[in-house]
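Read in this note's numbering, the sequence shown has 278 at position 261, and its numbers run on one by one without any break.
Each residue gets a CB set at the ideal place from its N, CA and C atoms; glycine is no exception.
Nothing here was measured: the structure is a model prediction, and the numbers come from that model.
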Amino acid sequence: MNSPTANVCGNGVPRRRFLQSGLAALIAGLGVPVGLRAQDRRGATGQTEAAAGSVRNVVLFIADGVGTAHYALARAYKGAPLVFEAAICGLAATASADSFITDSAAAGTAIATGYRTRNGSVGVDADGRERRTILEAARASGRATGLVVTGSFTTATAAVFAAHTKARGETLQIARQLVEADLTVMLGGGRKLLTQPMAGEGGPTLEQTLRERGYALPKTAAELEATPAGRVFGLFAEDALFPVIDRAKLGPTQPMLPAMTRHALQTLDQNEKGFFVMVEGTQTDWAGHQNDPVMLVHELLEFDAAVAEAMRFAAGRSDTLVIVVSDHACGGLALGNSRAQAASKRGLSQDEVLAPLRAAKASATALWEAYGIAQKPDAETIRRVVAEHWGVQFNEAQVAEVSAAAADPKRDEDYDGLGRVFSRDFTYLDWTTHEHTAEDVPLYATGPGAPRGAMHLTELAGVMARALGVTLE
Ligand SMILES: [Zn+2]
Numbered sequence: 018m019n020s021p022t023a024n025v026c027g028n029g030v031p032r033r034r035f036l037q038s039g040l041a042a043l044i045a046g047l048g049v050p051v052g053l054r055a056q057d058r059r060g061a062t063g064q065t066e067a068a069a070g071s072v073r074n075v076v077l078f079i080a081d082g083v084g085t086a087h088y089a090l091a092r093a094y095k096g097a098p099l100v101f102e103a104a105i106c107g108l109a110a111t112a113s114a115d116s117f118i119t120d121s122a123a124a125g126t127a128i129a130t131g132y133r134t135r136n137g138s139v140g141v142d143a144d145g146r147e148r149r150t151i152l153e154a155a156r157a158s159g160r161a162t163g164l165v166v167t168g169s170f171t172t173a174t175a176a177v178f179a180a181h182t183k184a185r186g187e188t189l190q191i192a193r194q195l196v197e198a199d200l201t202v203m204l205g206g207g208r209k210l211l212t213q214p215m216a217g218e219g220g221p222t223l224e225q226t227l228r229e230r231g232y233a234l235p236k237t238a239a240e241l242e243a244t245p246a247g248r249v250f251g252l253f254a255e256d257a258l259f260p261v262i263d264r265a266k267l268g269p270t271q272p273m274l275p276a277m278t279r280h281a282l283q284t285l286d287q288n289e290k291g292f293f294v295m296v297e298g299t300q301t302d303w304a305g306h307q308n309d310p311v312m313l314v315h316e317l318l319e320f321d322a323a324v325a326e327a328m329r330f331a332a333g334r335s336d337t338l339v340i341v342v343s344d345h346a347c348g349g350l351a352l353g354n355s356r357a358q359a360a361s362k363r364g365l366s367q368d369e370v371l372a373p374l375r376a377a378k379a380s381a382t383a384l385w386e387a388y389g390i391a392q393k394p395d396a397e398t399i400r401r402v403v404a405e406h407w408g409v410q411f412n413e414a415q416v417a418e419v420s421a422a423a424a425d426p427k428r429d430e431d432y433d434g435l436g437r438v439f440s441r442d443f444t445y446l447d448w449t450t451h452e453h454t455a456e457d458v459p460l461y462a463t464g465p466g467a468p469r470g471a472m473h474l475t476e477l478a479g480v481m482a483r484a485l486g487v488t489l490e
């Protein structure tokens with residue numbers, strides 16, 4: 018049942034749903050049948066043998082915004098392979114229904130429902146129709162369900178599994194749907210939303226509703242630790258948790274992802290029929306957006322430790338499928354820049370590449386928000402804070418570039434320039450963009466029913482559904 022290579026299923030993917038969504042897209046005027054694009058049919062997809070429904074549990078990890086370069090950098094920093102790298106089993110293309118470069122909502126919806134959709138869409142297809150997610154199908158089969166993130170619990174990658182809306186920005190709507198979703202476990206941030214009303218003004222709040230329904234609501238790592246196995250809606254920050262590299266200093270009561278994953282697995286395992294859980298490395302993506310290699314390696318090592326929890330859980334049992342995939346890559350990370358060109362001619366050691374990252378003690382976000390630049394964004398402050406926390410001296414031109422980025426209304430975050438200048442001028446790394454990129458992402462899986470081959474993200478929903486013996490229609 019757990020044979021790694023037997024019975025590659027070839028056409029086992031639910032093409033019928035692709036056909037349906039393709040037709041829907043034609044009718045909607047997109048012009049290209051969504052599910053029938055030539056590049057999706059790469060002729061190499063399949064799944065290791067698992068009698069349908071024989072898999073009790075699916076643990077899905079999504080490393081948001083992570084491509085092969087990100088993993089390679091984290092492996093070098095760790096000095097050892099990441100725990101899931103030996104389980105490499107394929108590649109996934111990520112394009113959405115309306116964009117070569119996807120966003121997390123469309124990519125997450127593809128993974129959760131099997132449908133390509135438009136960027137920004139949450140749990141609905143390209144036509145705006147609500148589609149059943151793998152989490153909802155698992156719940157209907159009597160299994161327990163869970164979502165674990167380090168951003169707000171309404172973050173797109175969590176929302177797509179249990180909410181349905183055409184716009185990922187409808188945060189309150191998503192929050193209400195997630196409260197209604199009958200999840201066994203929700204862990205992450207976004208506590209500020211709990212004071213909002215479930216329906217109209219004056220009615221019960223989200224928090225009151227959760228309490229009425231028997232949820233524990235731990236607010237700190239210690240409270241989570243003390244929470245017995247049972248329904249839990251643990252939100253540990255008003256908005257997102259602090260980045261891993263800053264958490265011990267700036268948010269010492271916030272739990273780490275491995276602890277949240279462990280709690281989720283222990284709780285969900287109480288259900289005799291099994292469970293589905295999605296655990297996201299949320300801020301790996303934000304590190305890419307910010308071009309911050311320091312934040313990135315720490316986020317990825319935390320993610321690695323969270324996957325280790327699931328691999329420990331699954332070891333020695335034959336009923337748990339663990340999948341690790343990204344929704345897309347982010348930042349266009351390059352392991353080599355113009356400085357590396359000259360250095361590699363004389364021989365560039367891994368230690369030289371990693372030294373500036375090891376010397377840095379905070380994320381770009383923290384330099385800006387917590388360590389004083391935002392309060393006084395002048396040249397002297399930028400220079401002082403960067404020197405203090407990253408151990409490098411920015412010159413006048415570099416400071417000017419950071420200031421210009423902060424003043425650029427097109428940029429999302431004021432601190433984007435910090436990571437870009439640091440990477441290009443003080444490391445051997447570089448970035449091509451502050452946004453997502455479209456390369457295939459690596460796919461790792463272990464356990465019965467593991468996917469194999471080159472595929473599109475949409476195929477993973479069918480892989481998980483077949484393993485659990487559930488239907489997405
Ligand atoms: Zn992103």
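| Query | Result |
| --- | --- |
| Delimiting residues of the beta strand (DSSP E) encompassing Arg279 | Note, Arg279: premise wrong, no beta strand (DSSP E); alpha helix (DSSP H) at 274-285. |
| Neighbourhood of Lys378 by C-beta, 7 Å cutoff - its chain only, sequence neighbours within 5 removed | His406 |
| Those runs of the alpha helix (DSSP H) which lie wholly inside the stretch 140-223 and span at least 4 residues | 151-157, 173-179, 188-197 |
| 8 Å CB neighbourhood of Gln367 in its chain, flanking five on each side removed | Ala93 |
| Residues that DSSP places opposite Gln64 in a beta bridge | Pro468 |
| Among Leu365, Ser343, Val409, nearest to Asp457 - alpha-carbon criterion | Ser343 |
| Through-space distance from Asp321 to Ala80, alpha-carbon basis | 10 Å |
| Reduced DSSP secondary structure (H/G/I, E/B, other) of Ile128 | helix |
| Enclosing beta strand (DSSP E) for Ile519 [first to last residue] | A query on residue 519 cannot be resolved here, the shown segment of the chain reaching from 18 to 490 and no further. |
| For Phe250, three-class secondary structure by DSSP | strand |
| Residue burial classification, Ser380 (beta-carbon count within 10 angstroms, cutoff 16) | buried |
| Nearest-angstrom beta carbon gap, Ala179 and Ala198 [assumed within contact, 8 Å] | 4 Å |
| Candidates His473, Ala484, Ala482, Arg483, of which the one nearest Ala123 by Cα | His473 |
| Closest residue to Glu319 among Gly70, Leu152, Val76, Val100 (Cα-Cα distance) | Val100 |
| Thr491 vs Val202 beta-carbon contact at 8 Å | One cannot answer for residue 491 here, as it falls past the ends of the chain, which runs 18 to 490. |
| Three or more C-beta pairs below 8 Å linking the stretch 240-258 and the stretch 270-279 | yes |
| Completely contained alpha helix (DSSP H) runs for the stretch 373-397, where each covers 4 or more residues | 381-386 |
| Counted within 10 angstroms of its Cβ, other Cβ atoms place Ala387 as buried (16 or more) or exposed | buried |
| Exposure of Arg437, with buried meaning 16 or more beta-carbon neighbours within 10 Å | buried |
| Same chain, Cβ closer than 6 Å to Leu477, neighbours up to 5 away in sequence not counted | Ile128 |
| Glu297, buried or exposed, once every other Cβ within 10 Å from all chains shown has been counted against 16 | buried |
| 6 Å CB neighbourhood of Gly145 in its chain, flanking five on each side removed | Lys183 |
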